[in-house]
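**Student:** For the sequence shown, the numbering used here gives the first residue as 1, with consecutive numbering after it. Beta carbons are placed, not taken as given, at the ideal position from N, Cα and C, and that holds for glycine.
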Amino acid sequence: MKAAWYEQNGSASQVLNVGDLPDPVPSAGEVCVKVLASGVNPSDVKTRAGRPLVAPRVTPHSDGAGIIVSVGDGVAQTRVGERVWIWNGQWKRAAGTAAEFIKLPSEQAVILPEDTTFEEGACLGIPALTALRAVTIDGPVLGQTVLVSGGAGAVGAYAIQFARLLGAAVIIATVSSSEKASVAMRLGADHAINYRAENVEERVKQITDSRGADRVIEVDGAANSGMLPGLVARGGLCVIYGSGKPQVPFDFGPMIQIGAAVRFFVVYELPIAERTVLVNALNAYLSHGMLEHTIAARYRLDDIVNAHEAVESGTLLGNAVVVFDVED
Ligand SMILES: NC(=O)c1ccc[n+]([C@@H]2O[C@H](COP(=O)([O-])OP(=O)(O)OC[C@H]3O[C@@H](n4cnc5c(N)ncnc54)[C@H](OP(=O)(O)O)[C@@H]3O)[C@@H](O)[C@H]2O)c1
1 MKAAWYEQNG
11 SASQVLNVGD
21 LPDPVPSAGE
31 VCVKVLASGV
41 NPSDVKTRAG
51 RPLVAPRVTP
61 HSDGAGIIVS
71 VGDGVAQTRV
81 GERVWIWNGQ
91 WKRAAGTAAE
101 FIKLPSEQAV
111 ILPEDTTFEE
121 GACLGIPALT
131 ALRAVTIDGP
141 VLGQTVLVSG
151 GAGAVGAYAI
161 QFARLLGAAV
171 IIATVSSSEK
181 ASVAMRLGAD
191 HAINYRAENV
201 EERVKQITDS
211 RGADRVIEVD
221 GAANSGMLPG
231 LVARGGLCVI
241 YGSGKPQVPF
251 DFGPMIQIGA
261 AVRFFVVYEL
271 PIAERTVLVN
281 ALNAYLSHGM
291 LEHTIAARYR
301 LDDIVNAHEA
311 VESGTLLGNA
321 VVVFDVED
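(1) Are there any heavy atoms of ligand 1 lying less than 7 Å away from the beta-carbon of lysine 329, as far as the coordinates show?
(2) Using C-beta distances below 8 Å, list every residue in its chain close to glutamine 108, excluding the 5 sequence neighbours before and after it, in chain order.
(3) Where does aspartate 63 land, buried or exposed, given buried means 16+ other C-beta within 10 angstroms?
(4) Excluding five sequence neighbours on each side, which residues of the same chain lie with their C-beta closer than 7 Å to the C-beta of proline 105?
(5) Can the beta-carbon of valine 40 be found closer than 8 Å to that of alanine 296?
(6) Please go through the segment 197-277 and give each complete beta strand (DSSP E) segment of 3 or more residues, from N-terminal end onward.
(7) Relative to ligand 1, is the shortest distance from any of its heavy atoms to the C-beta of asparagine 41 smaller than 7 Å?
(8) Looking only at C-alpha atoms, which of His293, Ser243, Val54 and Val18 sits nearest to glycine 150?
(9) Quick check: the Cα distance between leucine 36 and valine 170, rounded to an integer number of angstroms?
(10) Considering only DSSP beta bridges, list what arginine 164 is partnered with.
(11) So what's glutamate 7 in DSSP terms, helix, strand or just coil?
(12) Taking just the CA atoms, how far does alanine 95 sit from glycine 19?
(13) Tell me, please, which residues DSSP counts as bridged to asparagine 319.
(14) Could you say which of Ile258, Gln206 and Ser27 lies nearest to glycine 74 if we only look at CA atoms?
(15) Can you give, in chain order, each stretch of the beta strand (DSSP E) that sits fully within the segment 89-114 and has at least 3 residues?
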């Protein structure tokens with residue numbers, strides 16, 4: 001099969017190869033999926049750039065979608081032919097979705113609702129599940145004010161939509177441009193604050209009558225943690241799912257005075273019971289056509305270096321997806 005891989009950490013152009021690898025054969029409990037779209041996420045490029053390799057040769061990308069072509073012992077033959085989306089494709093595994101085929105445990109290939117395209121299916125495992133977790137963790141947002149930092153990002157765009165669907169009363173997004181503000185507002189934000197041009201704390205105070213947001217969903221903990229006491233309501237929740245740097249400093253005094261809670265999580269490590277709830281909820285939204293997917297750029301597998309560089313640049317307005325033809 002045609003596949004991409006790397007054998008050492010480094011820049012995309014230095015270490016990514018595209019060529020032929022043996023076709024995978026599913027073991028007991030596994031399915032083999034013909035990949036038709038492979039999502040490229042920031043963690044895929046960070047893993048390639050500098051995280052310890054899980055195997056001597058790694059095919060990147062955790063997200064993807066395609067069709068089950070064969071199954072191992074113990075998996076119902078009826079799964080063959082199913083359209084599926086994939087979670088944790090490359091998490092702690094050597095073989096991700098940047099390949100014509102991937103084999104993985106059957107439960108990691110979830111039925112892709114009929115009207116959801118393969119490209120859209122390749123945005124679910126990380127961006128959509130992370131957003132749904134961030135919006136739902138530690139209680140409902142019904143009637144609450146939710147602040148989504150980086151609201152036009154891959155995760156942020158879904159977070160705005162889930163907050164809307166789950167009944168948040170007011171949704172505030174931070175963005176860096178008027179184009180991103182339009183995206184955030186179209187997806188359901190009531191207010192978009194340009195964090196580069198405006199004073200975010202002042203704007204949030206104005207919007208919330210000085211109360212602050214009940215829940216802040218934070219894309220960059222290192223850059224923005226200092227602002228959190230000025231953004232979050234008394235007893236509110238800061239859900240931090242991303243950080244541009246390893247250290248996330250807090251002002252202890254202001255944080256304890258408002259009694260803020262801080263939650264970190266990584267989507268790869270969701271406990272199975274919680275993942276099942278989120279996956280089922282996500283598929284229900286998809287089945288009812290309730291989500292908009294922001295696909296910013298499509299690449300061929302031969303162009304995977306450009307795909308990684310585009311994600312690294314941080315300039316995409318949505319997800320990057322590597323697409324395969326059915327006959328590839
Ligand atoms: N915990 C998890 O399980 C999990 C899951 C998915 C992603 N992540 C992490 O979350 C981050 C975002 O992922 P993504 O796929 O959504 O990336 P993305 O599509 O690049 O989106 C990031 C968004 O955040 C904005 N942004 C950057 N710095 C910001 C700041 N200081 N304040 C407010 N907004 C800022 C960016 O736009 P501007 O630069 O134009 O503002 C962009 O719109 C990455 O670090 C990723 O590794 C974690």
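**Tutor:** Inspection of the coordinates gives the following:
(1) Because the chain here runs from 1 to 328, residue 329 falls outside it and cannot be looked at.
(2) Translated into the one-based positions of the sequence shown, residue 108 becomes position 108. Counting only Cβ-Cβ distances below 8 Å, and skipping sequence neighbours, we find Ile86, Trp87, Asn88 and Gly89.
(3) In the sequence shown, counting from the first residue as 1, residue 63 sits at position 63. With 16 or more Cβ atoms within 10 Å of its Cβ, aspartate 63 is classed as buried.
(4) As a working note, residue 105 is residue 105 in the sequence shown. Counting only Cβ-Cβ distances below 7 Å, and skipping sequence neighbours, we find Gly29 and Glu30.
(5) Here residue 40 refers to the residue found at position 40 when the sequence shown is read from its first residue. Here residue 296 refers to the residue found at position 296 when the sequence shown is read from its first residue. No. Outside cutoff.
(6) 213-218, 232-240 and 261-264
(7) For the purposes of this step, residue 41 is taken as the residue at position 41 of the sequence shown. Because some heavy atom of ligand 1 lies under 7 Å away, the Cβ of asparagine 41 counts as near it: yes.
(8) In the sequence shown, the residue the question calls residue 150 occupies position 150. Answer by Cα proximity: Ser243.
(9) Walking along the sequence shown from the start, residue 36 turns up at place 36. Walking along the sequence shown from the start, residue 170 turns up at place 170. Their Cα atoms are separated by approximately 38 Å.
(10) Your numbering for residue 164 matches position 164 in the sequence shown. Partner(s): none; arginine 164 has no beta bridge.
(11) Taking the first residue of the sequence shown as 1, we reach residue 7 at position 7. Looking at glutamate 7 - three-state DSSP - the assignment turns out to be coil, as it is neither helix nor strand.
(12) The count along the sequence shown starts at 1 and reaches residue 19 at position 19. The count along the sequence shown starts at 1 and reaches residue 95 at position 95. Their Cα atoms are separated by approximately 14 Å.
(13) Here residue 319 corresponds to residue number 319 of the sequence shown, with the count starting at 1. Paired residue(s): Ile295.
(14) In the sequence shown, residue 74 corresponds to position 74, counting from 1. For glycine 74, the nearest C-alpha among the options comes from Ser27.
(15) 101-105 and 109-111
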